[in-house]
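Just so you know, we're using my numbering here: the sequence shown kicks off at 11 and counts up by one.
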Amino acid sequence: MVDNIHTADVWAALQNDPQAQLVDVRTDAEWTYVGLADLTAAGKQPVLIPWQVFPTMAVNAQFIDQLRAAGFTPEHHIYFLCRSGVRSLAAASAAIAAGFPHSYNVADGFEGTPDGEGHRGQISGWKANGQPWRQR
11 MVDNIHTADV
21 WAALQNDPQA
31 QLVDVRTDAE
41 WTYVGLADLT
51 AAGKQPVLIP
61 WQVFPTMAVN
71 AQFIDQLRAA
81 GFTPEHHIYF
91 LCRSGVRSLA
101 AASAAIAAGF
111 PHSYNVADGF
121 EGTPDGEGHR
131 GQISGWKANG
141 QPWRQR
């Protein structure tokens, strides 16, 4: 079972826990055109490992190997982030199954749920909740 963690709690963990890290599992297109969490104030950078590969959106078969190559160990507290919390939930589940027990899903993701007009980034998620972010 993967815990869903509110963005404010994730931001606090990233600032206070040296073992905490954010893994953004969105695609390169999303990182480029939508933006990234800005972890500068925490002395960190998001680790960018796509859960699915654009444009086919097939699951990244190298995902766990890429986590290991990025230096993650079972001691790390890994917070997975996607657009809305769906892909990141799958990524966190896979990480737990692969031996990373402190894997968490960032609730509502980077852009959150759509508002009444179908726009994301306005009512929930990393951006809407006021956590720092930037355009790439």
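The C-beta atom is built at its ideal place from N, Cα and C for all residues, glycine as well.
Can you list, in chain order, the residues of its chain with a C-beta nearer than 8 Å to that of TRP41? Leave out the 5 residues immediately preceding and following it.
ASP34, LEU58 and ARG146
In terms of alpha-carbon separation, which member of PHE120, CYS92, GLU85 and GLY119 lies closest to ILE106?
GLU85
Mind pulling the alpha helix (DSSP H) runs of 4 or more residues that sit fully within the region 88-122?
97-107
Taking the CB atoms as reference points, tell me whether TRP143 and GLY119 lie closer together than 8 Å.
no
Could you tell me how far apart the beta carbons of ALA101 and PHE90 are, in whole angstroms, since I believe they sit closer than 8 Å?
5 Å
What residue from GLU121, ALA23 and THR37 has the CA that sits closest to HIS87's CA?
ALA23
Local Cβ density within 10 Å of VAL116, reported as buried at 16 or more and exposed below that
buried
Is there a Cβ of chain B sitting closer than 8 Å to that of ALA30, yes or no?
Of the protein chains in the structure, only one exists, and it is not chain B.
Find out if the Cβ-Cβ distance for the pair GLY122, ALA104 is shorter than 8 Å.
no
ILE15 - partner residues in DSSP beta bridges:
VAL116
With a cut-off of 8 Å on the beta carbons, I'd call ARG93 and GLN62 a contact; round off their distance for me.
About 11 Å separates the two Cβ atoms, so there is no contact after all.
From what residue to what residue does the alpha helix (DSSP H) around ALA138 run?
135-138
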